[in-house]
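There are 2 protein chains.
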Amino acid sequence: MSRYWNKITSSLVPYIPGEQPKDKKYIKLNTNENPYPPSPKVLAAIKEITNDDLRLYPDPTCENFRNVVAEYHGLSRNQIFVGNGSDEILAFSFNAFFDTSKPILFPDITYSFYKVYAHLYGLQYELIPLDDQFNVPLDKFNSVNGGIIIPNPNAPTAKYIPADFFKTTLRNNMNQVVIIDEAYIDFGGESAIKLIDEFPNLLVVQTLSKSRSLAGLRVGVAMGNEELIEGLNRIKNSFNSYTLDRLGLAGAIAAYQDKEYFKQTTQKVIMTRENTIEKLKKLNFNVVESKANFVFISHRKVPAKIIFQDLREKGILVRYFEQPRIDNYLRVSIGTDDEMNSFIRVLSQIVD
Amino acid sequence: MSRYWNKITSSLVPYIPGEQPKDKKYIKLNTNENPYPPSPKVLAAIKEITNDDLRLYPDPTCENFRNVVAEYHGLSRNQIFVGNGSDEILAFSFNAFFDTSKPILFPDITYSFYKVYAHLYGLQYELIPLDDQFNVPLDKFNSVNGGIIIPNPNAPTAKYIPADFFKTTLRNNMNQVVIIDEAYIDFGGESAIKLIDEFPNLLVVQTLSKSRSLAGLRVGVAMGNEELIEGLNRIKNSFNSYTLDRLGLAGAIAAYQDKEYFKQTTQKVIMTRENTIEKLKKLNFNVVESKANFVFISHRKVPAKIIFQDLREKGILVRYFEQPRIDNYLRVSIGTDDEMNSFIRVLSQIVD
Chain D
29 MSRYWNKITS SLVPYIPGEQ PKDKKYIKLN TNENPYPPSP KVLAAIKEIT NDDLRLYPDP
89 TCENFRNVVA EYHGLSRNQI FVGNGSDEIL AFSFNAFFDT SKPILFPDIT YSFYKVYAHL
149 YGLQYELIPL DDQFNVPLDK FNSVNGGIII PNPNAPTAKY IPADFFKTTL RNNMNQVVII
209 DEAYIDFGGE SAIKLIDEFP NLLVVQTLSK SRSLAGLRVG VAMGNEELIE GLNRIKNSFN
269 SYTLDRLGLA GAIAAYQDKE YFKQTTQKVI MTRENTIEKL KKLNFNVVES KANFVFISHR
329 KVPAKIIFQD LREKGILVRY FEQPRIDNYL RVSIGTDDEM NSFIRVLSQI VD
Chain G
29 MSRYWNKITS SLVPYIPGEQ PKDKKYIKLN TNENPYPPSP KVLAAIKEIT NDDLRLYPDP
89 TCENFRNVVA EYHGLSRNQI FVGNGSDEIL AFSFNAFFDT SKPILFPDIT YSFYKVYAHL
149 YGLQYELIPL DDQFNVPLDK FNSVNGGIII PNPNAPTAKY IPADFFKTTL RNNMNQVVII
209 DEAYIDFGGE SAIKLIDEFP NLLVVQTLSK SRSLAGLRVG VAMGNEELIE GLNRIKNSFN
269 SYTLDRLGLA GAIAAYQDKE YFKQTTQKVI MTRENTIEKL KKLNFNVVES KANFVFISHR
329 KVPAKIIFQD LREKGILVRY FEQPRIDNYL RVSIGTDDEM NSFIRVLSQI VD
């Protein structure tokens, strides 16, 4: 605490990202990074634009990049907003759309940053409990609310809801914004982007950090009707005119343009995930059905916390959340085949 | 307006950055960019780190970069905060420190983003009028307030206050944070960084966009006592864990390390500024005393708006603010010697 912090600052409980330890080399299966590098075309595009023009401001409207995303998804440029990672876009969205006079709704087990945003922007929230199989009960998002956010697939459970299932929720909340956070949608799910023209209250948020292997570049995208995009621009232009730098913009454009590489690498992650799940089941793990680049697992006998600690000692990092309902689960990012073979080998010794 | 915008979003008056026209090639003297490219070592450092590791998140604590800045200024790492341009840092600072129950204070003629931040964070403000010579009257910053922000040199006037003059203001406001926005300090002014150990309420904010020729990379720095830095971290970690990407961090470190290049280029800008001022005076311009990389000028006969429009038609962009008290002034960024010679030549035809 400090006399120089105002009320908001003193009351915050900031988000804690997954650890990035520097003490030794780990197999890192704890922050859902993509095990494959970015497209070589992305690296080439960044190197090409690393020139004297860095002295000049970037395009504050990010027109070229928004054109590329629009064309990719069959939308118009005015339906696209881009930002410094999907986290920044989510923060802007909470700030722009959610109503402080009514609780906002999100699942009880979900991305832990949502609560943090709510505190930052003075929003009340009501947690909607997942059912026993960790399904998001969409029919329960029906109380009076100031906005809704649901990740699909959910994190850390990895469970996916078919896009069409959101229609009822969207229809029943036409006066509030419903955000679908699709950070992990490219690993086997279908995006809700196709519902944007039907539902002016739908904002779909995606990131280049996971499926496009660009966690180190900080680029995210939001898609929705033009009024929502204009709302996000009002907040952004009252905060920082240039949230994306020249290098990020160039890399992001190249990432969307290399469709073949994107298809190949996401497909490899999916294959590895399915192989890993099969092996985990043989080791007596419960594995939540996954359409993400991670799996959420629980062993029938050995407590998750023990496994987490043993893995860490043996040089493998996974994520453990010491929270009610999920404190016997581990979230494990999907690495390369080699990394997952090492993981399974070490794991089989631990649970044997 | 939209039914999906909340009260804040509907009431905002966003900042409008200087134009970046795409219709033709201009001599751009309108956004205070540095006419010299970034250090070749910056470009090399960025190219080197443009590799497969872009798939991994950056260090959320930016330790290496903060170490470099700390050493550069003789501070400790915990006195350093870094962000996505000084604009983001200013936004975080308004959010973290300023008290919504009392007006904050800043000059009536100053960086127009301050008002925008105040609206975004629900802050009242009291404008302290500059005197007739555009001096910031530090003795007038003495009313009950929720925080103070003063740019030094001021923008768009370019006028500088010797760092020691801030001592009284800092002493009289020990319970509020006083931000000194030093975006332009490296063009001849002395930083208030030397006052940090004496004044726990002082936050100094700088940017790499101007004196380090990196407007396109988006990096800013704040320096102050550890409690202030921790306050900024609380806000940042409730907003976006990774505001600086891997490339920005690498480029920023290299920029601080190449001290010789920094000295040469800032010195060149200062020399060109002094030559330009001399020529402007011969053309019957009033020139406000400048310690920035721009000059604020007014002609004895020809209205600023006319000059602005004529220059634009002839391919030279400067900045004109249609605001009370300064609507007969132009802000002109200092370009290369060649650019300023062209500017003076065209200008002399206009005011002849």
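Top to bottom, those sequences are chains D and G. The first sequence maps to residues 29 to 380 in my numbering. The second sequence maps to residues 29 to 380 in my numbering. Quick reminder that beta carbons are idealized off the backbone N, C-alpha and C, glycines included. Model, not experiment: these values are computed from the prediction.
Own chain partners of residue i with C-beta closer than 6 Å, once the 5 adjacent residues on each side are dropped
{"i": "residue 96 (chain G)", "result": "281, 284"}
{"i": "residue 245 (chain G)", "result": "276, 279"}
{"i": "residue 263 (chain G)", "result": "120, 123, 124"}
{"i": "residue 61 (chain G)", "result": "243"}
{"i": "residue 240 (chain G)", "result": "283"}
{"i": "residue 214 (chain D)", "result": "239, 294"}
{"i": "residue 56 (chain G)", "result": "345"}
DSSP three-state assignment for residue i, whether helix, strand or coil
{"i": "residue 56 (chain G)", "result": "strand"}
{"i": "residue 350 (chain D)", "result": "coil"}
{"i": "residue 378 (chain G)", "result": "helix"}
{"i": "residue 172 (chain G)", "result": "coil"}
{"i": "residue 219 (chain D)", "result": "coil"}
{"i": "residue 204 (chain D)", "result": "coil"}
{"i": "residue 370 (chain D)", "result": "helix"}
{"i": "residue 41 (chain G)", "result": "coil"}
{"i": "residue 257 (chain G)", "result": "helix"}
{"i": "residue 135 (chain G)", "result": "strand"}
{"i": "residue 343 (chain G)", "result": "coil"}
{"i": "residue 315 (chain G)", "result": "strand"}
{"i": "residue 362 (chain D)", "result": "coil"}
{"i": "residue 98 (chain D)", "result": "helix"}
{"i": "residue 86 (chain G)", "result": "coil"}
{"i": "residue 73 (chain G)", "result": "helix"}
{"i": "residue 179 (chain G)", "result": "strand"}
{"i": "residue 167 (chain G)", "result": "helix"}
{"i": "residue 158 (chain G)", "result": "coil"}
{"i": "residue 109 (chain G)", "result": "strand"}
{"i": "residue 230 (chain G)", "result": "strand"}
Closest Cα partner of residue i within the set the options
{"i": "residue 336 (chain G)", "options": "G:58, G:44, G:263", "result": "G:58"}
{"i": "residue 29 (chain G)", "options": "D:379, D:347, D:259", "result": "D:259"}
{"i": "residue 148 (chain G)", "options": "G:325, G:366, G:156, G:126", "result": "G:126"}
{"i": "residue 189 (chain D)", "options": "D:162, D:312, D:295", "result": "D:162"}
{"i": "residue 151 (chain D)", "options": "D:240, D:265, D:39", "result": "D:39"}
{"i": "residue 87 (chain G)", "options": "D:79, D:143, D:251, D:48", "result": "D:48"}
{"i": "residue 324 (chain G)", "options": "G:42, G:305, G:231", "result": "G:305"}
{"i": "residue 159 (chain G)", "options": "G:357, G:141, G:353, G:379", "result": "G:353"}
{"i": "residue 67 (chain D)", "options": "D:183, D:248, D:288, D:351", "result": "D:288"}
{"i": "residue 46 (chain D)", "options": "G:71, G:178, G:269", "result": "G:269"}
{"i": "residue 357 (chain D)", "options": "D:105, D:347, D:101", "result": "D:347"}
{"i": "residue 311 (chain G)", "options": "G:182, G:221, G:373", "result": "G:373"}
{"i": "residue 247 (chain D)", "options": "D:256, D:253, D:233", "result": "D:233"}
{"i": "residue 224 (chain G)", "options": "G:235, G:195, G:363, G:211", "result": "G:195"}
{"i": "residue 375 (chain G)", "options": "G:109, G:298, G:341, G:136", "result": "G:341"}
Buried or exposed (CB count within 10 angstroms, at least 16 for buried), residue i
{"i": "residue 361 (chain D)", "result": "buried"}
{"i": "residue 172 (chain G)", "result": "exposed"}
{"i": "residue 91 (chain G)", "result": "exposed"}
{"i": "residue 116 (chain G)", "result": "buried"}
{"i": "residue 377 (chain G)", "result": "exposed"}
{"i": "residue 170 (chain D)", "result": "exposed"}
{"i": "residue 157 (chain G)", "result": "exposed"}
{"i": "residue 319 (chain D)", "result": "buried"}
Residues of its chain near residue i, where Cβ-Cβ distance is below 7 Å and the 5 sequence neighbours each way are ignored
{"i": "residue 229 (chain D)", "result": "198, 201, 202, 204, 205, 206"}
Residue i beta carbon near the ligand SAM (any heavy atom closer than 6 Å)
{"i": "residue 254 (chain D)", "result": "Judged by which ligands are present, the structure shown has none, so any question about the ligand SAM falls away."}
Cβ shell of residue i (< 8 Å), same chain only, five flanking positions each side left out
{"i": "residue 317 (chain G)", "result": "186, 187, 188"}
{"i": "residue 53 (chain D)", "result": "343"}
Of all the residues that make up the segment 261 to 275 of chain G, which are near chain D by a beta-carbon distance shorter than 7 Å? 262, 263, 265, 266, 267, 268, 269, 270, 271, 273, 274, 275
Mind checking the segment 87 to 117 of chain D against chain G and listing, in chain order, the residues whose C-beta falls within less than 7 Å of any C-beta there? 87, 88, 112, 113, 115, 116
For the segment 276 to 302 of chain D, which residues have a beta carbon sitting closer than 9 Å to at least one beta carbon of chain G? 276, 279
Name, going along the chain, the residues of the segment 116 to 135 of chain D whose beta-carbon falls closer than 8 Å to a beta-carbon of chain G. 116, 119, 123, 124, 125, 126, 127, 128
The segment 57 to 84 of chain D: which residues have C-beta closer than 8 Å to a C-beta of chain G, in chain order? 59, 61, 62, 63, 64, 65, 66, 70, 71, 74, 75, 78, 79, 80, 81, 82, 83, 84
Of the residues that make up the segment 37 to 56 of chain D, which ones have a beta carbon closer than 9 Å to any beta carbon in chain G? 37, 38, 40, 41, 42, 43, 44, 45, 46, 48, 50, 56
Scan the segment 247 to 261 of chain D for residues whose Cβ lies nearer than 8 Å to a Cβ of chain G and list them as they occur along the chain. 255, 256, 258, 259, 261
Counting only Cβ-Cβ distances shorter than 8 Å, please list the residues of the segment 205 to 228 of chain D near chain G, keeping chain order. 205, 228
What residues from the segment 175 to 193 of chain G come within 9 Å of chain D, judged by C-beta to C-beta, listed N to C? 175
Please name the residues in the segment 140 to 172 of chain G whose beta-carbon is closer than 8 Å to at least one beta-carbon of chain D, in chain order. 144, 145, 147, 148
Along the segment 232 to 245 of chain G, what residues have a CB closer than 8 Å to any CB found in chain D? 237, 241, 242, 243, 244, 245
Residues in the segment 357 to 368 of chain G having any Cβ partner in chain D nearer than 9 Å: none
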